[in-house]
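Before any comments, here is the structure.
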Amino acid sequence: MLNRLAPALVSAVAVLGLAGAPSASAAAPITARAAAQVRSAPADALAPGPFHRQLDPLAGTWKAVKTNYLLGGGKPIVSRDITVTTRWIAKTGGRFLEERTEGTLGGNPYFRLGVLGFSTIDRRYEWTTFDSVTPTAMTYRGPALTKRTNKLSLPGTFTDPGVLGPEYVGKTIPMRTVITIRSNDKHTFDLYFTPPGQSERLVDRVVYTRRAPA
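Positions -26 to -1, 1 to 188 (mature numbering (1 follows the signal peptide of the UniProt record, and there is no 0)) are the ones given, in order, by the sequence shown.
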């Protein structure tokens, strides 16, 4: 099936590359590399594999305790009423996990939608979130991996809307999410920011404990 789709994927890559570029000649080198990757990738390299299976312990329904060190004006905000549901998205061929988080944060309703997956082409984990606090997508791309690990360190950047203070509005802030799979029934997500001229600091920690079946 994937081998039959390869020509269509190559055509799509070429069209997108030309449409998004100022000229065909400027896009040609990138398009050629992308097309070559799709043509040469064997079917089993495009299918979910061991690095996806490494994420299986994250699937399920969770009670989460969220500690935020940023929004409370120097005093941590602890939320203990958060429920998280994480599942493999079947319509993606089981390539991506969807996480839905609902509860409160500082007395206000809190929601987050996250998508986590592993790129078999780039050999890296990728994590993107959309929430009710930050007015932008938060996107993280991990390093290329050669072996599986229970601790995923995923860096990224975001444009600060003012969460770090008015002096940082509009500035690009390095960030990093660390996902630690501690067991089949417990894992943690730690979020770090590195403000300009400062050391990296923990701004948010979520501890997930699996809910027992009803």
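Virtual Cβ for every residue (Gly too), placed ideally from N, Cα, C.
Computed from a predicted structure; not experimentally measured.
- With contacts defined by Cβ atoms closer than 9 angstroms, SER127 and ARG150 form a contacting pair.
- In summary, VAL52 is exposed, with fewer than 16 beta-carbon neighbours lying within 10 Å of its beta-carbon over all protein chains present.
- Taken atom to atom, the span from the alpha-carbon of PRO31 to that of TYR84 is near 24 angstroms.
- In this structure, ASP178 is the residue among ASP178, TYR182, SER93 and THR108 with its C-alpha nearest to the C-alpha of THR41.
- In this structure, the beta-carbon distance from TYR182 to VAL58 falls below 9 angstroms.
- Note on geometry: alpha-carbon atoms of GLY77 and PRO169 lie some 28 angstroms from one another.
- Here GLU73 carries a strand assignment [DSSP, helix/strand/coil].
- Out of ARG185, GLU73, PRO50 and GLY23, the CA that lies nearest to the CA of ASP159 is found in ARG185.
- For TYR114 and TYR166, the gap between their C-alpha atoms comes out near 12 angstroms.
- For TRP101, the closest C-alpha among the options LEU90, HIS161, ILE95 and THR94 is that of LEU90.
- For ARG86, the number of other beta carbons within 10 angstroms of its own is at least 16, and it is reported as buried.
- Ranking LYS65, PRO148, PRO22 and THR75 by CA distance to the CA of GLY34 puts THR75 first.
- Taking GLY144 as the centre and dropping the five residues before and after it, the same chain places the C-beta of THR133 and ASP134 closer than 8 angstroms to its C-beta, in chain order.
- When DSSP reads this structure, PRO129 sits in a beta bridge with ARG150.
- One thing to note: LYS125 has its Cβ within 9 angstroms of the Cβ of ILE153.
- Exposure of ILE95 is indicated by the presence of fewer than 16 other C-beta atoms within 10 angstroms of its C-beta.
- Assignment of ASP30 by DSSP, reduced to helix, strand and coil, places it in the helix class.
- Under the three-state reduction of DSSP, TYR43 is assigned to coil, being neither helix nor strand.
- For SER53, the pairing in a beta bridge is given by DSSP as LYS40.
- The three-state secondary structure of PRO187, taken from DSSP, is coil.
- Taken through DSSP and simplified to helix, strand or coil, GLU141 comes out as helix.
- Comparing C-alpha distances from THR146 to each of ILE155, THR131, SER157 and PRO140 shows the shortest one belongs to THR131.
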